[in-house]
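Student: If you scroll down you'll find the structure; I have some questions about it.
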Amino acid sequence: DTAVSQTPKYLVTQMGNDKSIKCEQNLGHDTMYWYKQDSKKFLKIMFSYNNKELIINETVPNRFSPKSPDKAHLNLHINSLELGDSAVYFCASGGQGGNIQYFGAGTRLSVL
Amino acid sequence: DAKTTQPTSMDCAEGRAANLPCNHSTISGNEYVYWYRQIHSQGPQYIIHGLKNNETNEMASLIITEDRKSSTLILPHATLRDTAVYYCIVRVALAYNNDMRFGAGTRLTVKP
């Protein structure tokens, strides 16, 4: 079983569209994260949720809205997609205060 | 911003030990040293972490200097599948509001 799973793996869409990326973890962790890896390969934290509560919210456009329906899920919804949103988005989960983080395989978003 | 300095790239012969250095001269007393790696097109993978004692697991060994200002990740018998970008991160453990701050990492190429 995949510990942290993201869907879809690839997402190609037009500018201005709204899209969602789903993330689920079966590790029983309390904390989940969204990271963005841009074309220069730098990984940057976007959001962190602990027990469904938003903990970290980096400087991210408010077009990005995370939603955590329960501890095992953290979805990322993006409104009005822009060219600069093209990147690989990684979901992660961490136990015991995020001591060790486990990452999903990533969602490669291409905005045309 | 990342609190660590790593060489941009390194090569290693297959079967030999790969020693990846990391400088973290501003590390605080309660910060751990974590190592992750990212194999091409995959999510980051946890390798090992430690506070001040040397650590070993099935993947690697971590050697931390006595003053804790630098560390070395050792892959004892590198294989071609170890080719990846290796990230050294300092972070307070057991803190869910403290995310992983990834730098540029070291691109390790294992050659036949």
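Here the protein sequences come in this chain order: A and B. Take the numbering used here: the final residue in the first sequence is number 103, and no numbers are missing along the way. Take the numbering used here: the final residue in the second sequence is number 114, and no numbers are missing along the way. Quick reminder that beta carbons are idealized off the backbone N, C-alpha and C, glycines included. Just so you know, these numbers come straight off a predicted model, no measurement behind them.
In the DSSP assignment, what are the bridge partners of M12(B)?
Tutor: Translated into positions along the second sequence, residue 12(B) becomes position 10. DSSP, once it has assigned bridges, lists L110(B) as partnering M12(B).
Student: Would you mind reading off the limits of the beta strand (DSSP E) that contains L65(A)?
Tutor: As a working note, residue 65(A) is residue 74 in the first sequence. First-last of the beta strand (DSSP E) with L65(A): 64 to 69.
Student: Nearest CA to the CA of S39(A): which residue from Y26(A), S30(A), K32(A)?
Tutor: By one-based count along the first sequence, residue 39(A) stands at place 48. If we check each option's Cα against that of S39(A), Y26(A) comes out closest.
Student: What residue from P57(A), N53(A), P52(A) has the CA that sits closest to I46(A)'s CA?
Tutor: The count along the first sequence starts at 1 and reaches residue 46(A) at position 55. The candidate whose alpha carbon is nearest that of I46(A) is P57(A).
Student: Using 7 Å as the limit for Cβ to Cβ distance, is A96(A) near chain B?
Tutor: Mapped onto the first sequence, residue 96(A) falls at position 105. Closer than 7 Å: yes.
Student: Would you say F38(A) faces chain B, with C-beta separation under 7 Å as the test?
Tutor: On the first sequence, residue 38(A) is found 47 positions in, with the first residue counted as 1. No, F38(A) does not count as interfacial toward chain B.
Student: From which residue to which residue does the beta strand (DSSP E) around S30(A) run?
Tutor: One-based indexing of the first sequence puts residue 30(A) at position 39. No beta strand (DSSP E) holds S30(A); DSSP gives it neither H nor E.
Student: Within 10 angstroms of its Cβ, does L77(B) collect 16 or more other Cβ (buried), or is it exposed?
Tutor: Locating residue 77(B) in the second sequence gives position 75, counting from the first residue. It counts as buried.
Student: Determine, using beta carbons only, whether I29(B) and V92(B) come nearer to each other than 7 Å.
Tutor: Here residue 29(B) is taken as the residue at index 27 of the second sequence, counted from 1. Here residue 92(B) is taken as the residue at index 90 of the second sequence, counted from 1. A contact, by the Cβ cut-off of 7 Å.
Student: For T10(B), does the count of other Cβ atoms within 10 angstroms reach 16, so buried, or fall short, so exposed?
Tutor: Along the second sequence, read from residue 1 onward, the residue named residue 10(B) stands at position 8. Flag for T10(B) reads exposed.
Student: Give the straight-line distance between the Cα atoms of C14(A) and T98(A), rounded to the nearest whole angstrom.
Tutor: Position 23 of the first sequence holds residue 14(A). Position 107 of the first sequence holds residue 98(A). About 10 Å.
Student: State the CB to CB distance for the pair Y34(B) and Q47(B), rounded to an integer number of angstroms; the pair is presumed to be in contact (CB under 8 Å).
Tutor: The residue given as residue 34(B) occupies position 32 in the second sequence. The residue given as residue 47(B) occupies position 45 in the second sequence. At roughly 17 Å, the Cβ-Cβ gap does not stay under 8 Å, so Y34(B) and Q47(B) are not in contact.
Student: Touch check for the stretch 48 to 63 of chain A and the stretch 14 to 27 of chain B: three-plus C-beta pairs under 8 Å?
Tutor: Contact between the stretch 48 to 63 of chain A and the stretch 14 to 27 of chain B is absent, because fewer than three Cβ pairs lie under 8 Å.
Student: Which full runs of the alpha helix (DSSP H) of 4+ residues lie inside the stretch 26 to 112 of chain B, going along the chain?
Tutor: DSSP runs (the alpha helix (DSSP H)) wholly in the stretch 26 to 112 of chain B: none.
Student: Taking only beta-carbon positions, decide if G31(B) is within less than 7 Å of chain A.
Tutor: In the second sequence, counting from the first residue as 1, residue 31(B) sits at position 29. Cβ-Cβ to chain A under 7 Å: no for G31(B).
Student: Which residue wins for smallest C-alpha separation from E49(A), given the options S11(A), L34(A), T(-2)(A)?
Tutor: In the first sequence, the residue the question calls residue 49(A) occupies position 58. Of the listed residues, the one whose Cα sits closest to E49(A) is L34(A).
Student: From the beta carbon of A95(B), is the nearest beta carbon of chain A less than 7 Å away?
Tutor: The residue you call residue 95(B) lines up with position 93 of the second sequence. Output row for A95(B): interface = yes.
Student: In the DSSP assignment, what are the bridge partners of G86(A)?
Tutor: Within the first sequence, residue 86(A) is the residue found at index 95, counting from 1. According to DSSP, which records beta bridges pairwise, G86(A) is partnered with I91(A).
Student: Sorted by chain position, which residues of the same chain lie with C-beta nearer than 8 Å to K10(A)'s C-beta, five sequence neighbours on each side aside?
Tutor: Working through the first sequence from its first residue, we reach residue 10(A) at position 19. If we look at K10(A) and ignore the five residues flanking it on each side, its Cβ neighbours are L2, T4, H68, I69, L72, L100.
Student: Apart from the five residues on each side of it in sequence, which residues of its chain come closer than 7 Å, Cβ to Cβ, to E60(B)?
Tutor: As a working note, residue 60(B) is residue 58 in the second sequence. For E60(B), where only same-chain residues beyond five positions count, there are no Cβ hits under 7 Å.
Student: Looking at C-alpha atoms only, which residue of A86(B), S43(B), N55(B) is the closest neighbour of S63(B)?
Tutor: Counted from its first residue, the second sequence places residue 63(B) at position 61. Considering only alpha carbons, the answer is N55(B).
Student: Taking the alpha carbon of N92(A) as the point to measure from, which residue in M6(A), R54(A), I36(A) has its own alpha carbon closest?
Tutor: Taking the first sequence and counting its residues from 1, the one referred to as residue 92(A) is at position 101. The sequence given here has Gln at residue 92(A), not Asn. The candidate whose alpha carbon is nearest that of Q92(A) is I36(A).
Student: What does Y48(B) reach in chain A if we use C-beta pairs closer than 9 Å?
Tutor: Counting from one through the second sequence, the residue named residue 48(B) turns up at place 46. By Cβ distance, chain A contributes I91, Q92, Y93, F94.
Student: With DSSP collapsed to three states, give me the class of D61(A).
Tutor: By one-based count along the first sequence, residue 61(A) stands at place 70. Of the three classes helix, strand and coil, the one that applies to D61(A) here is strand, per DSSP.
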